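Asker:
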Amino acid sequence: MDSNLVQFKKGVLELCVLALLARSDSYGYDIASRLSAAIDMGEGTIYPLMRRMQKDGLVSTYLVESSSGPPRKYYRLTEGGRNNLNAQKAAWTDFTRAVAAILELDLEKTS
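Every number in the numbering used here is 9 more than the matching position in the sequence shown, counting from 1.
1. May I ask you to verify whether the segment 42-56 touches the segment 81-95, counting CB pairs closer than 8 Å and requiring at least 3?
2. Bridge partners for Arg32 per DSSP, in chain order?
3. Only counting the same chain, and skipping five residues up and downstream in sequence, which positions put a Cβ closer than 6 Å to that of Lys64?
4. Identify, in the order they occur along the chain, each residue of the same chain with its Cβ nearer than 6 Å to the Cβ of Arg81, setting aside the five sequence neighbours on each side.
5. Which whole-angstrom value describes the C-beta separation of Arg43 and Leu29, a residue pair presumed to lie in contact below a C-beta threshold of 8 Å?
6. State buried or exposed for Ile40, treating a residue as buried only when at least 16 other CB atoms are found within 10 Å of its CB.
7. What is the DSSP secondary structure of Ser69, counted as helix, strand or coil?
8. Checking 7 Å against the spacing of the C-beta atoms, do Asn93 and Leu112 come in under that value?
9. So Tyr84 and Thr70 are supposed to be a Cβ contact under 8 Å. How far apart are they, rounded?
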């Protein structure tokens, strides 16, 4: 995999997790599966991030009984997590617009 793409994915991982949890509470494996399908992120990167996000107060957890094994730990956005998501979304929008503008300038020079 292109090392640039790996760095891009790492940079947006927390934003993507927050966005998924804003839609609905979810358990770790489900979050990992959805990220894998959308941006090809591996499961191993999710759990350390989830622990850090919990420690930072961005998510809270609760257990739900499972008919197919042990209880599942579900993650839920906290108010701080929602505020962080909104701030990251605004920063992401500003940043991607600025990069797109630079890339368009670069394309105009080479044309």
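Every residue, glycine too, gets a C-beta built ideally from N, C-alpha and C.
Every value quoted in this text rests on a predicted model; they were computed, and no experiment measured them.
Answerer: Answer, in terms of the structure:
1. No, they do not touch.
2. DSSP output for Arg32 lists no bridge partner at all.
3. Result list for Lys64: empty, nothing under 6 Å.
4. Excluding residues up to 5 positions away in sequence, Tyr36, Val73 and Ser75 lie with their Cβ nearer than 6 Å to the Cβ of Arg81 in the same chain.
5. Arg43 to Leu29, Cβ: 6 Å. Contact.
6. By the neighbour-count rule (16 or more Cβ atoms within 10 Å), Ile40 is buried.
7. DSSP places Ser69 in strand when its eight states are reduced to three.
8. Not in contact: Asn93 and Leu112 (Cβ atoms no closer than 7 Å).
9. Tyr84 to Thr70, Cβ: 6 Å. Contact.
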